[in-house]
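Worksheet: the structure to be examined is printed underneath.
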Amino acid sequence: MVENQMNGRIKIIRTDNGLEYCNEELEAHLRISGIRHQTSNTYTPQQNFMAERMNRTLIEKARCMIFEADLPTNFWAEAVATAAYVYNRSPTQGIVGKTPEEAWSGNIPDVSHIRIFGCKAIVHVPKEKRKKWSAKSKEMIFVGYCAETKGYRFIDLKTKACQKSRDVIFLEN
């Protein structure tokens, strides 16, 4: 994806020594692709300080979002993804005069769609998913942004089901 989006070639990938990165399948793929794989020394997360610092930043933001929304901690993955989404569209000290999204895509991000994590929302139920006398909307909890569509992610706290939608009224107050 990076190569296609940036019209460039990945030459080196640097990881820690986690099993998800140090395995024959990934090594074979990198070898075939001509990508060098550098690793940090074992038990030295300080060698990977930028990634470790970003992990900590996102975890702290996600923790605050979960507690502020009064949601259980099993929503941690949604909170971390949402924290990263918002972070990438916010000014940072590391990139002067641009957001990370702008540095990546070249486009100034529109943030008018940003909503409060964990807020209640009234989500429209499409007519194809309801019966004649069924409710046309359902109260759900906002938990993030869709990666590949223009929409939002919601959780139904009763059924624990995740749903994507753009037809919604947010109850942020």
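Offset between the sequence shown (1-based) and my numbering: plus 6. Where is the CB? At the ideal position from N, CA and C, for every residue including glycine.
Sequence-distant Cβ neighbours of residue 169 in its own chain, meaning closer than 6 Å and more than five residues away, are 160. As a beta-bridge residue in DSSP terms, residue 126 pairs with 147, 177. Rounded to whole angstroms, the gap between the alpha carbons of residue 53 and residue 65 is 19 Å. In chain order, 64, 68 place their CB closer than 6 Å to the CB of residue 86, counting only its own chain and leaving out the 5 sequence neighbours on each side.
The beta carbons of residue 144 and residue 162 sit about 7 Å from each other, so the pair counts as a contact at 8 Å. Remark: C-beta atoms of residue 149 and residue 123 approach each other more closely than 8 Å. For residue 168, the pairing in a beta bridge is given by DSSP as 161. The Cβ-Cβ distance between residue 125 and residue 84 does not fall below 8 Å. Checking the DSSP bridge columns, you'll see residue 42 partnered with 18.
Taking the C-beta atoms as reference points, residue 130 is found nearer than 8 Å to residue 142. Assigned with DSSP and collapsed to three states, residue 111 falls in helix. When C-beta atoms of the region 12 to 23 are compared with those of the region 38 to 46, three or more pairs fall below 8 Å, so the two segments count as touching. Shown here, residue 102 sits in coil according to DSSP, grouped into three states, outside any helix or strand.
Straight-line measurement puts the Cα of residue 79 at about 41 Å from the Cα of residue 38. Just measuring C-alpha positions, the residue of 22, 103, 153, 71 sitting nearest residue 58 is 22.
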